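Protein chains in written order, with this note's numbering: chain A, 24 to 440; chain B, 250 to 407.
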């Protein structure tokens, strides 16, 4: 990934950040100028943004609307199976071209405002009353449809994930993903089906959620459910793989091996409450689906994609910023196309762990808001990110903030700060 | 059972249901379900497409008890409460053994700082049966929310 400072001067902000990654100044979550600059430098910069799953648009004319940062985007399956993506913005007056979340058998797209028509690649095809009416009005003779149109994205796919980029500088997808690619392939190695979609609006800057995902340190401290039922503890095996530039990471938790684990109790930490026991443990059954001991794997692709395997519960999460202090988290729950009915039921039960009502991820919905509110008057102060040192290398522990520092390394490079 | 009797009994069950949740007597809430049951919270969009996943998915009363245990002892969330407004049920043909009902609901959520939001609106799709002790209980309650958006978190059941 290219992390050289961007030369853009169109969207500036007035902040400095001392060298190093162990302090994160709170203006990054609060300044609208920063949020505006991120649109150009991060989301429209040299990155691959997750758009949708290939399986969601299997046939010619299938489409979905999605977002790249705050940019509305149409992603559509065109001729010969090719996938196209373009800004969902009419070239005329800027109205949304497509008003549906998804659809099938589209032959073209019409803007409802003045009936300008686009093909599946986002090319302007016709303009209503272009020649005017009764010889009067209409477009000038030198009007060229080919000269205008919504911005187009380059599209790449990887293991059924569809990505788009607006930058010519973005490297090929395999190169962009680097060491993280195989960790995605591990989960998405065969055809999947969507089994449910939910949106979780969160009251915080988008980066606070991404940091939460990259924060392998918090998981067994904040989330009592996991800890008590030994789904993950920092004393279980595992580690954090960070991509070379820091932007992506994969964290893994291995199946427990110890019979007795007293590390939390010895430390007197709240999150080890021995009295909590499940009466129906069917949700915690785990079917071995992989040739490795990894029980839980979270992969985050810079900037806004998370691929989750928690036991047999699989999901793709997409982060969409909604202004400086709000975001939407789009959950797409998936199973494999060849799941047995029993396997599918197990995934449905395990999905209680995640999502807006997830026994585990419920807290992740609110902690970002706690930071957003806690730092509301502290733009000149900074958070401390020192667990596991000052770098962002791969570490064989999850008691580290290495992946958070890696995120900021790439973010600072792209933002030029 | 005559239609008017069924209507009143289902309405009373819904009233008890709302009272358990809104009155913070969550421990009593699972007892309104059969031991083998289905309780699922999903969206109109997922329901229409036949997508099976829910934000909550329980197929036993024990799982509902576990959810309350987790809420009381494990999960961290800011203090909040619900107010259910539940409409009159529309009774459908549930066969000999059960009553099928569809009932609209609204839930207003009040946060600890007093902020109130219309948190959820939708329809309960129910199958209600007589348990071995003669009590009417939910064999199935699928909570179909009109919106796919669940603000911040869904801690307390709908």
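Yeah, the Cβ is synthetic: ideal placement off N, Cα and C, and Gly gets one too.
From a predicted model like this one, the values you see are computed outputs, not experimental measurements.
Asked, Found
"Interface residues of the stretch 168–184 of chain A facing chain B [CB-CB below 8 Å]", "none"
"Counted within 10 angstroms of its Cβ, other Cβ atoms place residue 124(A) as buried (16 or more) or exposed", "exposed"
"Within 8 Å, strictly: CB atoms of residue 358(B) and residue 329(B)", "yes"
"Beta-carbon proximity check, residue 306(A) vs residue 312(B), cutoff 8 Å", "yes"
"Cβ contact check for the stretch 77–84 of chain A and the stretch 94–101 of chain A: 3 or more pairs under 8 Å", "yes"
"Contact check, residue 52(A) vs residue 230(A), beta carbons under 8 Å", "yes"
"Reduced DSSP secondary structure (H/G/I, E/B, other) of residue 405(B)", "coil"
"Contact set for residue 131(A): own chain, Cβ-Cβ below 8 Å, skip 5 residues either direction", "140, 141, 142, 143 and 148"
"Span separating the alpha-carbon of residue 332(B) from that of residue 260(A)", "44 Å"
"Endpoints, the alpha helix (DSSP H) within which residue 295(B) is located", "293–298"
"CB contact flag (residue 248(A), residue 323(B), <8 Å)", "yes"
"is_contact[residue 85(A), chain B] using C-beta, thresh 8 Å", "no"
"The stretch 62–71 of chain A in contact with the stretch 171–191 of chain A per 3-pair CB rule at 8 Å", "yes"
"Bounding residues of the alpha helix (DSSP H) (the contiguous stretch that carries residue 438(A))", "425–438"
"Of the residues 327(B), 376(B) and 402(B), the one placed nearest residue 283(B), counting alpha carbons only", "376(B)"
"Neighbour list for residue 375(A) in chain B, Cβ cutoff strictly below 7 Å", "305 and 306"
"Nearest to residue 344(B) (by Cα), restricted to the options 383(B), 404(B), 378(B) and 382(B)", "378(B)"
"Backbone secondary structure at residue 397(B) - three-state DSSP", "coil"
"Within 7 Å of chain B by C-beta, residues of the stretch 208–224 of chain A in sequence order", "217, 218, 219, 220, 221, 222, 223 and 224"
"Pair within 8 Å by beta-carbon distance, residue 255(B) and residue 335(B)", "no"
"Extent of the continuous alpha helix (DSSP H) run through residue 318(A)", "From DSSP, residue 318(A) is part of no alpha helix (DSSP H) but of the beta strand (DSSP E) over 317–324."
"Rounded separation between residue 170(A) and residue 223(A) - CA only", "39 Å"
"Contacts of residue 136(A) in chain B (Cβ-Cβ under 9 Å)", "Here the premise fails: no neighbours, minimum Cβ distance about 26 Å."
"Cβ contact (3+ pairs, closer than 8 Å) linking the stretch 378–391 of chain B and the stretch 275–295 of chain B", "yes"
"Whole-angstrom distance between residue 136(A) and residue 408(A), CA atom to CA atom", "49 Å"
"Nearest to residue 263(A) (by Cα), restricted to the options 40(A), 438(A) and 417(A)", "417(A)"
"Residue range of the unbroken alpha helix (DSSP H) whose run includes residue 389(A)", "385–397"
"Coarse secondary structure for residue 255(B), derived from DSSP in three states", "helix"
"Short CB-CB distance (under 8 Å) between residue 397(B) and chain A", "yes"
"For residue 102(A) and residue 151(A), the rounded distance between their alpha carbons", "25 Å"
"Presumed contact (8 Å Cβ cut-off) between residue 399(B) and residue 90(A), rounded CB distance", "18 Å between Cβ atoms; not a contact."
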